[in-house]
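Participant: A single structure is presented below for examination.
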Amino acid sequence: MNVNKKNHQRKLSELFMAFLTYGAAAATFGVLFFLVAFIFVKGIPHIKPSLFSLSYNSENVSLTPALAATVIATPMALLITAPLGVFAAIYLTEYAKRGNRWVILVRVTTEALSGIPSIVYGLFGSLFFVLFLGWGYSMLAGVFTLSIMILPLIIRSSEEALKAVPDAYREGAFGLGAGKLRTVFKIVLPSAMPGILAGVILSIGRIVGETAALIYTAGTVAQIPANPMQSARTLSVHMYALSTEGFHTDESYATAVVLLFVVILINAASVRISRRIGGRA
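Using numbering that gives the first Met the number 0, you'd call the opening residue of the sequence shown number 0 and step up by one each time.
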């Protein structure tokens, strides 16, 4: 009797946990579907050729300059941050002594920086890059501010990816006579590359969707920047500006649709590259 009772209780607990799991998954997909459907329903009917004009004015409220600024800002921020983040993670994981106070301090700092609101980064960028360095409202000031924002994310994700590589890989390379540097860059880093790229994909999403930090640094001028010292607005800032003005709310929904497609395309391309690199590794 006791055995049957325990089996019955175990089955009930398993059914309850399965219900919670499937319920949470269904709720997540439901919210995601609702958000995407709402954006499409509100935005697709208002997508028109004038939104893709090369120049912006108060009549066409073109999103092309904002799209160009987004395409320019994203790789610039990644070129600055990705090498710094990956090499910092390599040092913390492969070279620094375990239990080192400096390493602990860096990890605590990166965790703290990850939780800082973006508007605080924007205020810092405004005070340091815009005013102190004299860059003014420019793409360069916005890109450097974005780089500081995503640096903790890339460091932490790269560090976790490097930790996930089995120690047997390192020991095997050392046993075959490979040095520390060769082991790290020929064995460990290629094996961790899918995880590192996952962090880069997440950082791309934060770059494309960032608004508060860029308003204080890159400005809101709707133009295609001819050089990094000119002010410009990204798609997210463009959408925010249209919605707050109140005169082009429909166009802001159309911009949201384009922004969603841009994010999906970037993520799909990044995942495909990650899979190819992972297959080679």
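Using N, Cα and C, we set each Cβ at its ideal position, and we do this for glycine too.
What residue does the alpha helix (DSSP H) around Gly-114 start on, and which one ends it?
Facilitator: First-last for Gly-114: undefined, no H or E at that position.
Participant: Please name the residue, chosen from Leu-201, Gly-133, Ala-268 and Leu-112, that lies closest to Met-228 on a Cα-to-Cα basis.
Facilitator: The residue with the shortest Cα to Cα distance from Met-228 is Gly-133.
Participant: Taking Cβ positions, are Ile-206 and Leu-150 nearer each other than 8 Å?
Facilitator: No, these two residues do not count as a Cβ contact at 8 Å.
Participant: Buried or exposed: Met-16, going by 16 or more other Cβ atoms within 10 Å of its Cβ?
Facilitator: Met-16 comes out exposed.
Participant: Just checking, does the segment 212-226 make contact with the segment 117-133 on the three C-beta pairs under 8 Å criterion?
Facilitator: Contact between the segment 212-226 and the segment 117-133 is present, because at least three Cβ pairs lie under 8 Å.
Participant: Residues in its own chain within less than 6 Å of Ser-55 by CB, not counting five upstream and five downstream?
Facilitator: The amino acid occupying residue 55 in the given sequence is Tyr; Ser does not appear at that position. For Tyr-55, where only same-chain residues beyond five positions count, the Cβ hits under 6 Å are Ser-61, Pro-64 and Ala-221.
Participant: Taking the alpha helix (DSSP H) that Met-238 belongs to, which residues open and close that run?
Facilitator: Residues 234-244.
Participant: Report yes or no: do three or more beta-carbon pairs, one from the segment 159-174 and one from the segment 243-254, lie closer than 8 Å?
Facilitator: In short, these stretches do not touch, since the Cβ pair count stays below three.
Participant: At which residues does the alpha helix (DSSP H) containing Ala-172 begin and terminate?
Facilitator: Note, Ala-172: alpha helix (DSSP H), 166-174.
Participant: Less than 8 Å between the beta carbons of Leu-196 and Ile-263, yes or no?
Facilitator: Their beta carbons are not under 8 Å apart, which means Leu-196 does not touch Ile-263 by this criterion.
Participant: Using three-state DSSP, classify His-45 as helix, strand or coil.
Facilitator: In the structure shown, His-45 sits in a helix (DSSP, three-state: H, G or I).
Participant: For the segment 224-242 against the segment 64-78, are there 3 or more C-beta pairs whose distance is under 8 Å?
Facilitator: The segment 224-242, when compared against the segment 64-78, does touch it at the 8 Å Cβ threshold.
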